[in-house]
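Read through the structure below, which is laid out as structure tokens, and then see the notes.
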Amino acid sequence: MTLALLMVLCAAGGASLVHAQQNDSYRTVARPTLASGPLCAEEKAALVSSAAAAQAAAAENAQIAARRFADLQTLQKTGKITSKELDNLARERDQRLEEARQAFGALDQATRIAEKPCPAPVENTAPATKSAEKTPAAADPAKADAGNTASAKEPGDKPEVSLALTLTVPAYCKPASTCPMVVELHNRGSRPLASPFLVALALGSEGAQIGNILPDSWSCGQASESLTCSGAGTALAPDARARLSIDWQIAERPRRPSSTVCARIVWPARAKDGVYRSEQIAAIQFALQKAGFDPGGYDGRLGTKTVEAIRAFRSRANIEGPTELTADFLNAVFGSNGTLAGDDNAADDSACTSVSFGTPPLAANPASPPSAPVAVVNAPASPVVEAAPPPPEQPRLSPGPAAAPKRVAPREPRPRQQAAPQAEPRRQTARRAPVQADDDDDDVVVYTSPPRRTQPAGQRPVIVYPDGSYRRWGDPTVYRQ
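Structure follows, in structure tokens:
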């Protein structure tokens, strides 16, 4: 997939490929090990700083993955990339977003760890040397104390530069509606910060479909699934806040049931590792576009059009030197904030949250309106009803001698009647009896059959033969009259 991605980017432009390799490489996310118990203030500060660095790296990786997916999604229409490769990049993007969410949770846990008193430092009891006695500090303790007081920083003092970001997005946004997003910047440092203030937003899979932007001092540049916003106006005094409100237009049929929204403060100057971040390049492109120089979009890459726009701006501003993002160029674009590479507390420079477009969460039962006050009236005491006296106790009769129980003679078991052995029945031939004789012919005898018997009630069926013999059903014995 990486080879195919490089080939596609080469087709888009050789210069943008070089910068994509330099500026869009994923950063290593080193997750700190969170402690289960309270920590010393110094140990907690080191842990929070490590967690903040991991969260910043994970958030940047999520933005890089989102931009890569958006670029390849555009190129899919040309047939230069298959849908399978695009699906793999979509899974990679979701994985980076999940890493950013986990890193943000680890940072939140690190800030909630309880503190315990730090152990007292061990004093050096070694005797002072002669050279130390001759130093000006030892000769004048007052001057030494004054110098330590001026250079030391009290634990409760505010940092010089500290700008905190807070992101507020509803947990559920209905499709085909407007979802409000609010970004708030809070100057927690002791130094006033001049405008413009730069904020980069990654809207995840749903894309950057933006409506109203308030207040009017803010403006945003849209690039696929990301936004680059710049806030102009007066300086932000210590403890002052700046607010950005954006109406996010949700599609009628969102591509995914949820999305991860991330916001991050952009510091224009070069980072400590000497590499410009993609959100820094996007902020420069947006500033050049507002100044009238077309950088070719806000993709966060130093492509050919972006380099030409930088040259044209430097020429108009009479900035000499090579075409690079030098300090004088950044100051000309962003004012006094152009040389800031970050603040003293990077832990609160970014935030991420999840938005659901599927089934809305179950709404809590609305609180029932308060019922009208009911006057409590003491009921009159009911009269006490005395219970009726119990009936007089009847005298008990002493029982007489108990009668002896009658003995019941045991019953003798009835003898079993055994069936007499029956001889095997033999079919007998029914005989006919003469009923009338003829005087004239002694050899002729007239026989007549008796009438048929009916079946007795409650007995088995009887089969009657023509000759008057019969037998019961199931009994082979034939009986005759």
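Throughout the sequence shown, residue numbering follows mature numbering (1 follows the signal peptide of the UniProt record, and there is no 0), covering -20 to -1, 1 to 461 in sequence. Ideal Cβ placement from N, Cα and C applies to all residues, glycine included.
Quick one: Cα of I230 to Cα of T158, how far?
-> 6 Å
Please name the residue or residues paired with N167 in a DSSP beta bridge.
-> Beta-bridge pairing links N167 to L143.
For Q43, is the beta carbon positioned less than 7 Å from some heavy atom of the ligand GTP?
-> The ligand GTP is not part of the structure shown, which contains no ligands of any sort.
Confirm, please, whether the CB-CB distance from S225 to L194 is below 8 Å.
-> yes
Secondary structure at G318, three-state DSSP: helix, strand or coil?
-> helix
Per DSSP, I443 is paired with what?
-> R451
Of the residues A32, A50, P150 and A262, the one placed nearest K285, counting alpha carbons only = Checked all of A32, A50, P150 and A262; the closest Cα to K285 is A262.
Got a sec? Which residues, its chain only, sit under 8 Å from R171 by beta carbon, not counting five neighbours each side?
-> E140, V141 and P218
Three-way DSSP call (helix, strand, coil) for F177 in this model | The answer is strand: DSSP assigns F177 an E or B state.
According to DSSP, which residues form a beta bridge with S29?
-> The partner list for S29 (beta bridge, DSSP) is empty, contrary to what the question assumes.
Can you give me the Cβ contacts of E46 inside the same chain, cut-off strictly under 6 Å, excluding the 5 residues immediately before and after it?
-> In the sequence under discussion, the amino acid at residue 46 is Ala, which differs from the Glu named in the question. Within the same chain, R73, A182 and E205 come within 6 Å of A46 by CB-CB distance, once the 5 residues on both sides are set aside.
L216 by DSSP, collapsed to three states: which one?
-> Strand, per DSSP.
Neighbourhood of L(-16) by C-beta distance below 6 Å, restricted to the same chain and skipping five residues each side = Bear in mind that the predicted position of L(-16) carries a pLDDT of just 38, short of 50, making it unreliable; the figure below should be weighed with that in mind. Closer than 6 Å at Cβ, skipping near neighbours: no residue.
Report yes if the CB atom of Q43 is closer than 8 Å to the CB atom of C242, and no otherwise.
-> yes
Where does K96 sit, in a helix, a strand or coil, going by DSSP?
-> strand
Identify which residue in W228, A144, L147 and L216 has its Cα closest to the Cα of Q202.
-> W228
Spatial neighbours of A311 in its chain, beta-carbon cut-off 7 Å, leaving aside the 5 residues before and after | Per the sequence shown, the amino acid found at residue 311 is Asn instead of Ala. Excluding residues within five positions, the ones whose Cβ falls inside 7 Å are G318 and T319.
Where the beta strand (DSSP E) through I245 begins and ends | S238 to I245
Assigned exposure category for W453 - 16 Cβ within 10 Å defines buried = exposed
Report the residue from C153, A174, A156 and V179 whose alpha carbon sits nearest the alpha carbon of T146.
-> V179
State the start and end residues of the unbroken beta strand (DSSP E) segment that holds D227.
-> For D227, the enclosing beta strand (DSSP E) starts and ends at R221 to Q229.
Extent of the continuous beta strand (DSSP E) to which I61 belongs = No beta strand (DSSP E) contains I61, which DSSP labels as neither H nor E.
Could you pull out every residue in the same chain whose Cβ sits closer than 7 Å to the Cβ of D328, ignoring the five residues on either side in sequence?
-> Same-chain partners within the cutoff: A144 and L145.
DSSP three-state call for N325: helix, strand or coil?
-> coil
By Cβ distance, which residues of its chain are closer than 6 Å to Q56, with the 5 residues on each side in sequence left out?
-> L66
Measuring CA to CA, which of A21, G169 and C200 is closest to V163?
-> C200
Exposed unless 16 or more other CB atoms sit within 10 angstroms - verdict on residue 463 = Look at the range of the chain in this structure, -20 to 461, and you will see that residue 463 is not part of it.
Find out if the Cβ-Cβ distance for the pair A31, A80 is shorter than 8 Å.
-> no
State the DSSP-derived secondary structure class of G272, mapped to helix, strand or coil.
-> If DSSP states are grouped into helix, strand and coil, G272 belongs with coil.
Between which two residues does the alpha helix (DSSP H) harbouring T333 extend?
-> Where T333 is concerned, there is no enclosing alpha helix (DSSP H), although the beta strand (DSSP E) it sits in stretches over S330 to S336.
Identify whether L183 lies in helix, strand or coil by the three-state DSSP scheme.
-> Here L183 sits in coil by DSSP.
Is the beta carbon of L165 less than 8 Å from the beta carbon of A222?
-> yes
Across which residues does DSSP place I190 in a beta bridge pair?
-> W228
What's the C-alpha gap between D324 and A215?
-> 19 Å
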